[in-house]
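Participant:
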Amino acid sequence: MTELNAPFAPDWVSPPGESVLDIAEERGWTQAELAHRLGYTEKHVSQLINGKVPLSVDAALRLERVLGSTADFWLAREANYQKHKARLEAAERHASWAPWLDELPLKELMVCGAVPKLRADANNKPGLVEACLVFFGVASPEQWRAHYGGMQVAFRRSREEQSDVGAISAWLRLGEQQAEKLDGPKYDKARFEKALAVIRGFTRELPDVFDPKLRQLLHEAGVLLVLVPAIPRAHVSGVARWLGGTRPMIQLSLYGKTNDKFWFSFFHEAAHILLHANSKEDKKSIFLDDPNAADIDDPREHEANTWAGNWLIPAQNASTLPLLRTKTAVEAFANQLGIHPGIVVGRLQHDGHIEPSWMNDLKQSFSLKGAASA
Numbered sequence: 002m003t004e005l006n007a008p009f010a011p012d013w014v015s016p017p018g019e020s021v022l023d024i025a026e027e028r029g030w031t032q033a034e035l036a037h038r039l040g041y042t043e044k045h046v047s048q049l050i051n052g053k054v055p056l057s058v059d060a061a062l063r064l065e066r067v068l069g070s071t072a073d074f075w076l077a078r079e080a081n082y083q084k085h086k087a088r089l090e091a092a093e094r095h096a097s098w099a100p101w102l103d104e105l106p107l108k109e110l111m112v113c114g115a116v117p118k119l120r121a122d123a124n125n126k127p128g129l130v131e132a133c134l135v136f137f138g139v140a141s142p143e144q145w146r147a148h149y150g151g152m153q154v155a156f157r158r159s160r161e162e163q164s165d166v167g168a169i170s171a172w173l174r175l176g177e178q179q180a181e182k183l184d185g186p187k188y189d190k191a192r193f194e195k196a197l198a199v200i201r202g203f204t205r206e207l208p209d210v211f212d213p214k215l216r217q218l219l220h221e222a223g224v225l226l227v228l229v230p231a232i233p234r235a236h237v238s239g240v241a242r243w244l245g246g247t248r249p250m251i252q253l254s255l256y257g258k259t260n261d262k263f264w265f266s267f268f269h270e271a272a273h274i275l276l277h278a279n280s281k282e283d284k285k286s287i288f289l290d291d292p293n294a295a296d297i298d299d300p301r302e303h304e305a306n307t308w309a310g311n312w313l314i315p316a317q318n319a320s321t322l323p324l325l326r327t328k329t330a331v332e333a334f335a336n337q338l339g340i341h342p343g344i345v346v347g348r349l350q351h352d353g354h355i356e357p358s359w360m361n362d363l364k365q366s367f368s369l370k371g372a373a374s375a
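Residue 321 in the numbering used here is what sits at position 320 of the sequence shown, and the numbering runs on without skipping anything.
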């Protein structure tokens, strides 16, 4: 006989009406008699048994009186049935959405642990679709396209190749996830400017030394810093944006892994926050930057480049750059300015004063922990 008081933990998908029918048959009741006892029509009881109508609170209370157990049992049975049914239906939808995965940098998301490492075959694709929906925080690919596709109007690209919305949105989302875990004071522009003056001197230090100090100064100024591994198809090394219009964030990919590129990217993004956030509309912009971009049309990118370049090497000292032809001269000039010689080498190469292969041993290669800071 069916045990009504046993813990309910089904591993099948069947409507609670099956349990109702089993008990009624054990008691020798026809559906007509059961309907009469419950006070329902035969049609309604038939629909209830076959899962065509949900089991309501009223029905649960009647079943409690007629068949025993508790209303909570019957409601739990219905809830579990609906949950299992919804998951099966969702799996079917996810299978139909599998082509969406081709728009995403799935391999890179697996490598960084954002989604499970699974072979993208027919059996696994529904699960991967669900994992990607959870990662992006959306209910369907349509919502993803509406949200991240709609964000394209806010993208301020520094190169035309930055058109892969899937790769860009994945990289941005990785940064958002880090930022969502953080709290901190409100943004203070004056404090941020003072912090940048101190941070400039960090260029001479090793990452293990400057990293905690950099994060602390930015935290106190109310600026988020997140480091996210590069996604090749995104063609992005850094981004400056405002989360919710109130929280400025600098996101870097450590593209290039040398200190000259890292620091230029950092100060370039800092310039966007300082110079290009004068209105609510400005704060909707998302500046996608690549320091290797050759042709830049956006005047704000030129302005950020100029600001970063002058912050590291003041304009009044730039006239000396063409005269720096030896490592000794570069090191002396860097010491005079209080910056790392690798930054001077990067500027000389960028401006065409020396070949890209010259003096690279003066640069510093490093990596920083990919944790976020606020």
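Virtual Cβ for every residue (Gly too), placed ideally from N, Cα, C. Everything numeric in this text was worked out from a predicted model, so none of it was measured.
(1) Please classify residue 144 as buried or exposed, where buried requires at least 16 other C-beta atoms within 10 Å of its C-beta.
(2) Just reading off the beta strand (DSSP E) that residue 250 is part of, what are its end residues?
(3) Using the C-alpha atoms, what's the distance from residue 226 back to residue 163?
(4) Judging by CA-CA distance, which residue of 123, 78, 204 is the nearest neighbour of residue 93?
(5) Can you find at least 3 beta carbon pairs, one from the region 60-68 and one from the region 39-46, that sit closer than 8 Å?
(6) Given a threshold of 16 other Cβ atoms within 10 Å of its Cβ, counted over all protein chains shown, does residue 239 qualify as buried or as exposed?
(7) Could you pull out every residue in the same chain whose Cβ sits closer than 7 Å to the Cβ of residue 202, ignoring the five residues on either side in sequence?
(8) List in chain order: all unbroken alpha helix (DSSP H) runs of 4+ residues lying wholly within the region 45-96.
(9) How is the alpha helix (DSSP H) around residue 314 delimited, first residue to last?
(10) Between which two residues does the beta strand (DSSP E) holding residue 243 run?
(11) Can you grab the Cα-Cα spacing for the pair residue 308 / residue 174, in whole Å?
(12) Can you have a look at residue 324 and say buried or exposed, based on whether 16 or more other CB atoms are within 10 angstroms of its CB?
(13) Can you tell which of 76, 25, 127, 275 has its C-alpha closest to the C-alpha of residue 90?
(14) Given that a residue counts as buried once 16 or more other Cβ atoms are within 10 Å of its Cβ, and exposed if not, what is residue 61?
(15) By the three-class DSSP mapping on this structure, what secondary structure does residue 459 have?
(16) Determine the burial state of residue 270: buried for a count of at least 16 other Cβ atoms within 10 Å of its Cβ, exposed for fewer.
(17) What number of angstroms, rounded off, separates the C-alpha of residue 74 from the C-alpha of residue 43?
(18) Quick check: the Cα distance between residue 216 and residue 149, rounded to an integer number of angstroms?
(19) Considering only residues of the same chain and omitting the five flanking positions on each side of residue 273, which have a CB-CB separation below 6 Å?
(20) Measure the alpha-carbon distance for residue 98 versus residue 134 and round it to whole angstroms.
(21) Cβ atoms of residue 223 and residue 186: under 7 Å apart, would you say?
(22) When the Cα of residue 345 is compared with those of 290, 259, 277, 301, which residue comes out closest?
(23) Classify residue 356 as buried or exposed, calling it buried when 16 or more other Cβ atoms lie within 10 Å of its own Cβ.
(24) Tell me whether residue 367 sits in a helix, a strand or coil according to DSSP, three-state version.
(25) According to DSSP, is residue 321 part of a helix, a strand, or is it coil?
Facilitator: Put simply:
(1) Locating residue 144 in the sequence shown gives position 143, counting from the first residue. The residue in question, residue 144, is exposed, as its Cβ has fewer than 16 Cβ neighbours within 10 Å.
(2) Translated into positions along the sequence shown, residue 250 becomes position 249. Per DSSP, the continuous beta strand (DSSP E) segment holding residue 250 begins and ends at 248-253.
(3) Working through the sequence shown from its first residue, we reach residue 163 at position 162. Working through the sequence shown from its first residue, we reach residue 226 at position 225. Any reading at residue 163 must be qualified, since the residue scores a pLDDT of 48, below 50, and its modelled position is unreliable; the value itself is stated next. Roughly 22 Å between the two C-alpha positions.
(4) Here the question's residue 93 lines up with position 92 in the sequence shown. Out of 123, 78, 204, 123 has the C-alpha closest to the C-alpha of residue 93.
(5) Contact between the region 60-68 and the region 39-46 is present, with at least three C-beta pairs closer than 8 Å.
(6) Here residue 239 is taken as the residue at index 238 of the sequence shown, counted from 1. With 16 or more other Cβ atoms within 10 Å, it is buried.
(7) For the purposes of this step, residue 202 is identified with residue 201 of the sequence shown, where counting begins at 1. Residues of the same chain with a CB within less than 7 Å of the CB of residue 202, apart from the 5 flanking positions on each side, are 339 in chain order.
(8) 58-68
(9) Here residue 314 refers to the residue found at position 313 when the sequence shown is read from its first residue. Neither: residue 314 is in no alpha helix (DSSP H) and is coded neither H nor E.
(10) Counting from one through the sequence shown, the residue named residue 243 turns up at place 242. Here the beta strand (DSSP E) through residue 243 covers 239-244.
(11) The residue you call residue 308 lines up with position 307 of the sequence shown. The residue you call residue 174 lines up with position 173 of the sequence shown. Taking the CA atoms as reference points, residue 308 sits about 28 Å from residue 174.
(12) Position 323 of the sequence shown, counted from the first residue, corresponds to residue 324. Classification for residue 324: exposed.
(13) In the sequence shown, the residue the question calls residue 90 occupies position 89. It is 127.
(14) If you number the sequence shown from 1, residue 61 lands on position 60. Classification of residue 61: buried, given that the 10 Å Cβ count is 16 or more.
(15) An answer regarding residue 459 cannot be provided, because it is not within the stretch 2 to 375 covered by the chain.
(16) Position 269 of the sequence shown, counting from 1, holds the residue named residue 270. Buried, because 16 or more other Cβ atoms sit within 10 Å of the Cβ of residue 270.
(17) Walking along the sequence shown from the start, residue 74 turns up at place 73. Walking along the sequence shown from the start, residue 43 turns up at place 42. Each residue's Cα considered, the two are about 23 Å apart.
(18) Reading the sequence shown from its first residue, position 215 is the one you call residue 216. Reading the sequence shown from its first residue, position 148 is the one you call residue 149. Straight-line Cα distance between these residues: approximately 28 Å.
(19) As a working note, residue 273 is residue 272 in the sequence shown. Excluding sequence neighbours, residue 273 sits near 241, 288, 305.
(20) Numbered from 1 along the sequence shown, position 97 holds the residue referred to as residue 98. Numbered from 1 along the sequence shown, position 133 holds the residue referred to as residue 134. Distance between the alpha carbons of residue 98 and residue 134: 11 Å.
(21) Position 185 of the sequence shown, counted from the start, is the residue given in the question as residue 186. Position 222 of the sequence shown, counted from the start, is the residue given in the question as residue 223. Yes, the pair counts as a contact, with Cβ atoms nearer than the cut-off.
(22) The residue given as residue 345 occupies position 344 in the sequence shown. Residue 259 is the option with its Cα nearest to residue 345.
(23) Here the question's residue 356 lines up with position 355 in the sequence shown. With fewer than 16 Cβ atoms within 10 Å of its Cβ, residue 356 is classed as exposed.
(24) On the sequence shown, position 366 is the one that residue 367 refers to. Note: residue 367 maps to coil in three-state DSSP.
(25) Counting from 1 along the sequence shown, the entry for residue 321 is found at position 320. Three-state result, residue 321: helix.
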